[in-house]
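Residue numbers (the UniProt record's numbering): 1 to 413.
From the three backbone atoms N, C-alpha and C, an ideal C-beta is built for every residue, glycine too.
Small disclaimer: the values here were computed from a predicted structure and weren't measured.
The structure appears right after this line, and notes come after that.
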């Protein structure tokens, strides 16, 4: 029934977990598959790495995903992006949404990244993280998509071809029929997009009803959860799977506020090693040295952690010294090569923090798709590769509580 195009891997597992939890049998695919899906499911999530690559590449990947989903019987489509929007005035959310609308021969959709369970809410078109505006939440320091503005209408108008209007909380409080009427008014006025306020889950439930007839919906996983609940008739899914205890490693690349707290908490209890950018750039044996260090600590009670997570001031210094893009690429590439060596050596469980880190690790390991398991935190499920028993926990930067890394291991049987 539902085909989801997600702009990074953690975002894909985020919405896949909510679809599963709300009663839709869901499979997550790593990139656009080359073959038809033989398994009978109710929702398909395709994870791309299109959040921060060049706009033309993001559009091309997204259209390929759309065509495959159409060929595999999907009837409604969902463009999933992060609950912190993660898209500067240069894109990629606006251009991809434009392209998907054009390909589907549609002229209107919604923009709703809200995820109240994780503190992401929208009021008067402004995106909040907890009690502060997006651009005051730490996201203004994001190394790849620094968010300098919290106004979603301005953000979309800066990067999309279509005009963006607003449906306020007052409109949503009046119910789904009123929201549909507001959509009709905006369409008549020439708007292609409507930022829709959502200050709590009840408003997302109203919006899920209001978008039922839209061919394309865009947003975070919060709205997706309520669309799934509507499509499944309110039944709950069986996502009881958790991994078996085995060799486990933590790889943390995110520099978000919460990941810094999680890394600092975990350093108090487990073996840890910082990924040094200068070493990664200049030492050809550095991946091997990291691999040997991890191997020495794999049999400890808690998994060893390799981390590139640093506070904002340290991140700024690294970017100034090596260049932001060069530093990010080097860190991702080092994690990817390290994960490949560890997987070949029998590591069974990978816990990763950061969308870019998670995406590159999964791409390097080459898994085609995943079974969706039990949630570790809202929007962060355990995943099991379809082809083998390797399990992964892939965490977006600001998701989870401070004890996330330890808690995820505590779930293992």
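Please list, in chain order, all residues of the same chain as residue 263 whose beta carbon is under 6 angstroms from its beta carbon, the five residues on each side excluded. 252, 307, 309
Distance between residue 229 and residue 176 (C-alpha atoms, nearest Å): 16 angstroms
Same chain only: Cβ atoms within 8 angstroms of residue 47, ignoring 5 sequence neighbours per side: 6, 8, 9, 11, 12, 13, 28, 29, 30, 31, 359, 362
Mark residue 299 as exposed unless 16 or more other C-beta atoms lie within 10 angstroms of its C-beta, in which case mark it buried. exposed
Extent of the continuous beta strand (DSSP E) run through residue 51: Premise fails: residue 51 is in no beta strand (DSSP E) and is neither H nor E.
Quick one: is residue 237 buried, meaning 16 or more other Cβ sit within 10 Å of its Cβ, or exposed? buried
Integer Cβ distance of residue 387 from residue 82, believed to fall under 8 angstroms: Not quite, the Cβ-Cβ distance comes to about 28 angstroms (not below 8 angstroms), so this is no contact.
Three-pair Cβ contact test at 8 angstroms for the segment 67–74 versus the segment 91–98: no
Put residue 105 into one of helix, strand or coil per three-state DSSP. coil
Roughly how many angstroms lie between the CA atoms of residue 249 and residue 393, to the nearest whole one? 11 angstroms
Three or more C-beta pairs closer than 8 angstroms, one from the segment 163–175 and one from the segment 129–139: is that the case here? no
Under 8 angstroms: do the segment 157–166 and the segment 187–203 share three or more Cβ pairs, one atom per stretch? yes
Does residue 202 pass the burial test, meaning 16 or more other C-beta atoms within 10 Å, or should it be called exposed? exposed
From the DSSP output, read off the bridge partner residues of residue 144. DSSP output for residue 144 lists no bridge partner at all.
From residue 322 to residue 334, what does the alpha carbon distance come to, in whole angstroms? 15 angstroms
Determine the contact status of residue 45 and residue 15, defining contact as a CB-CB distance below 8 angstroms. yes
Backbone CA spacing between residue 22 and residue 234 [nearest angstrom]: 7 angstroms
With a threshold of 7 angstroms on Cβ separation, who are the neighbours of residue 158 within its own chain once the five nearest residues in sequence on each side are excluded? 89
Chain-order list of residues whose beta-carbon lies under 6 angstroms from that of residue 354 (same chain, five-residue window excluded): 253, 254, 397
Distance, Cα to Cα, residue 128 vs residue 311? 21 angstroms
Compare the Cα-Cα distances from residue 414 to each of 313, 112, 185 and report the closest residue. This structure cannot speak to residue 414, because the chain is shown only from 1 to 413.
With 16 other Cβ atoms within 10 Å as the buried cut-off, status of residue 219: buried
Nearest neighbour of residue 105, chosen from 210, 216, 54, 52 [CA to CA]: 216
Going by DSSP, what residues sit across from residue 380 in a beta bridge? 377
Complete runs of the beta strand (DSSP E) confined to the segment 19–43 [at least 3 residues]: 26–30
Three-state secondary structure (DSSP) at residue 301? coil
Could you give the DSSP three-state label for residue 192: helix, strand or coil? strand
For the segment 261–279 against the segment 207–214, do three or more pairs of beta-carbon atoms, one drawn from each stretch, fall closer than 8 angstroms, so that the two count as touching? no
Would you call the CB atoms of residue 224 and residue 80 closer than 8 angstroms? yes
List the DSSP bridge partners of residue 223. Bridge partners of residue 223: none, in fact.
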